[in-house]
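Please read the structure below before turning to the comments.
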Amino acid sequence: MNLVTETFSGFLSLLTGLQITIKQFFSPTITTHYPHQTLTIAKKFRGHIELKWNEETGKPNCTACNICAKACPSDCIVLDGIKPAGEKGKTVTTYHLNYTLCSLCSLCVEACPFDAIQHSNRYNLASVPNQWADMDLVQRYKDQVTRVGKNPYDPYAPAAVSAAAPTAAVGLDLTSSRSDVPPASPAAAPTAQ
Amino acid sequence: MIARILELITFLLTNEPYRSVIYLLCIIGFALANAAYLVWVERKGAGRFQRRPGPTESGWAGLLQPPADGIKLLAKQLMAPPGGDKILYWAAPLMVLAPPLVCLLAIPFGNNILARDLNIGLLMVFSFGSINVMALMLGGWASRNKYAIISAARVVSQNVAYEIPMLLVVITMIMVTGTLNLQEIIVQQGGGFWNWNILRGIWDFSSGGWGHIGGNILAPITFIIFYICMLAETNRAPFDMAEAESELVAGAFTEYGGMGFGVFFMAEYANIVVGCALATLLFLGGWQSGLGSGFGTLLTSWGIIGSLVGVGFFFAKMYFLIFSVVWVRWTFPRTQFYGLLNLSWKILIPLSLLTLLLTSVTLKLPRLF
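Respectively, the protein sequence lines represent chains A and B.
Read left to right, the first sequence gives residues 18 to 210 (our numbering).
Read left to right, the second sequence gives residues 69 to 437 (our numbering).
Set out below in structure tokens:
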């Protein structure tokens, strides 16, 4: 008798299972069709580091003090700066990040006394090897100047920026056409940084 | 013009040399198209059951996915494992794909639309349907691979266990129908859907009036047993012990690559088509519309068009069953092996014996109702 009731209740539970799955079958899909649709990336997303955009001066906050490079446990930051004539502090001229070594530990961001670096929220980073072994963050900052569109003051020779930006987009940043540079239609740029 | 075309079709389908060639080509085409596109149905179904869209990129709604997969498999090198039995190894894919094609020869798709009207059609379908097991066993054995051999052993014990209730159920149905001829079995189920074997067994209206008690009052249970056994015989989830990818890599197909694997894959779906077609014609009235005898006679009066409408009804039922096979696969996890055998020996075989006993008693009893 036990076998009979067990068989019967087991069969009913199977039917319940079928009922649940068929409900899911007729429900709308919950996935994002990735290359065609993208999700908005959270502000807190830890991408590679970048020089923070300074709204007031247009210059990076970075003074090339090298504290971030010293804080980095993976030795993936190499930077240098100059002291422009007539200015008080140094200004960064080269900031190279070896992203293939970076473990996104955020120690550089925490160590920076000038609040000059932050995590970007780029995630479309799939590329051929060595694409990210040498990221020029100063170049990225310059691109950002043209990308943001307002350029009150550019410490890096404004004439050179417009010429440098396209090559940077091709040479360094394969994904720029997808999420970084605002494309023609503003609706298609949910991940613009 | 249309009348001329219909006349030509009727001529071709009734005169011998053309008829055989047409049926042969159509059945091969039907089986292979199903084998290819049921993979698409499976993947789309799997996607929908998991709330994702399934293949979408190649062709509209991913409809070019099966040819793309086929071309990829064809482009791969065919390799046999060293030390294995090469002849058996390559014979197995052929043996697994050929029997479903033969089975389809005997299956009536519509009124007058069947390749061979065999008096022992049901017997033929089951005898060829069982070769599938041997092919999987040979493939596993000839692979010289421990997973494949474990899978081969499982396939044999699973199929022996499930062949018994399936054949008992079929014997029950043969006792009710009194014939092995598949076309006759369908013709008997004409009229309303209450005349289909799944319901006629309970209460038989076919003799007119209030009717009387049918031959097999447990007919719905018989259908469920048949369905479960069909899942097990075609090695479908939750009984896919032959493949069991989480335990046995790919079971009997572990060593197969390229189109050798592709043929096994296609044969699985061809077998599902045969199994669901059998379930349709044994229990669900085959090509009968189930809309009453008036509609049935109307269809027969339309000649070839009526037959094609019947084929539509047959396919509707068959593809619903095939969809339910996909549905079951993406609902239930794989059973453990002893659970599988327990289900057969402890539940399905006693139940099918009970239905057999009840049916034989009901058929021999004087008609009280």
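Every residue gets a Cβ at the ideal spot worked out from N, C-alpha and C, and that includes glycine.
- Assignment of T247/B by DSSP, reduced to helix, strand and coil, places it in the coil class.
- Annotation: Cβ neighbours of P121/B in chain A (cutoff 8 Å, chain order): T46, T48 and H50.
- At least 8 Å separates the CB of W128/B from every CB of chain A.
- Close to chain A, meaning a Cβ-Cβ distance shorter than 9 Å, are the following residues of the stretch 93 to 118 of chain B: G113, G115, R116, F117 and Q118.
- Chain A places no beta carbon closer than 8 Å to that of I390/B, leaving this residue out of the contacts.
- Straight-line spacing of the CA atoms in G378/B and S219/B works out to 40 Å.
- Taking 8 Å as the upper bound on Cβ-Cβ separation, chain A lies near residues W395, V396, W398, T399, F400, K414 and I415 of the stretch 387 to 421 of chain B.
- DSSP, reduced to helix, strand and coil, places T110/A within a strand of the structure shown.
- One finds W395, V396 and T399 in chain B with Cβ atoms closer than 8 Å to the Cβ of L35/A, taken in chain order.
- Just measuring C-alpha positions, the residue of K105/A, C82/A, T46/A and F28/A sitting nearest I94/A is C82/A.
- By the rule that beta-carbons nearer than 8 Å mark a contact, L56/A does not touch chain B.
- Here DSSP, grouped into helix, strand and coil, assigns M69/B to coil.
- Close CB contacts of A114/B within its chain, under the 6 Å cut and outside five residues either way in sequence, are with W398 (chain order).
- In the DSSP assignment, I134/A forms a beta bridge with L68/A.
- Close to T38/A, with beta-carbon spacing below 8 Å, are these residues of chain B in chain order: F117, W395, W398 and T399.
- Between V341/B and P168/B, the beta carbon gap of about 7 Å places them in contact (Cβ cut-off 8 Å).
- For D308/B, the secondary structure class from DSSP, reduced to helix, strand or coil, is coil.
- Put simply, the CB of Q156/A is far from chain B, with every gap to its CB atoms at 8 Å or more.
- For D92/A, no alpha helix (DSSP H) segment is defined, and its DSSP state is neither H nor E.
- Listed along chain B is no residue with a C-beta nearer than 9 Å to that of T74/A; the closest approach is about 47 Å.
- Taking C-alpha positions only, L352/B is separated from S428/B by approximately 21 Å.
- Residues K154 and Y157 of the same chain have their beta carbon placed closer than 6 Å to that of A148/B, with the five preceding and five following residues left out of the count.
- A distance below 6 Å between beta-carbons, with the five flanking residues on each side excluded, links T22/A to no residue of its chain.
- Here the C-alpha atom of L132/B lies approximately 42 Å from the C-alpha atom of I242/B.
- Neighbours of Q41/A in chain B, taken as residues whose beta carbon is under 7 Å from its own, are F117 and R119 in chain order.
- Cβ neighbours of K60/A within its own chain (closer than 8 Å, five residues either side excluded): N138.
- Here C85/A has I94, C125, A128, C129 and I134 as same chain residues with Cβ atoms under 7 Å from its own Cβ, once five neighbours each way along the sequence are excluded.
- W271/B has I281/B as its beta-bridge partners, per DSSP.
- In this structure, the beta-carbon distance from V393/B to V164/B does not fall below 8 Å.
- By the criterion of a C-beta distance shorter than 7 Å, I239/B is surrounded in its chain by L424, once the five residues flanking it on both sides are discounted.
- For S375/B, the enclosing alpha helix (DSSP H) stretches over residues I372 to R397.
- Put simply, of A103/B, S88/B, L92/B and V244/B the residue whose alpha carbon is nearest the alpha carbon of N339/B is A103/B.
- Separation of the CB atoms of V223/B and G208/B is rounded to 7 Å, and the pair is thereby assigned contact status at 8 Å.
- For the set Y112/A, I58/A, S91/A and Q41/A, the Cα lying nearest the Cα of V155/A is the one of Y112/A.
- Annotated three-state conformation of M18/A is coil, per DSSP.
- Fewer than three beta-carbon pairs drawn from the stretch 298 to 310 of chain B and the stretch 349 to 369 of chain B are found closer than 8 Å, and the two stretches are therefore not classed as touching.
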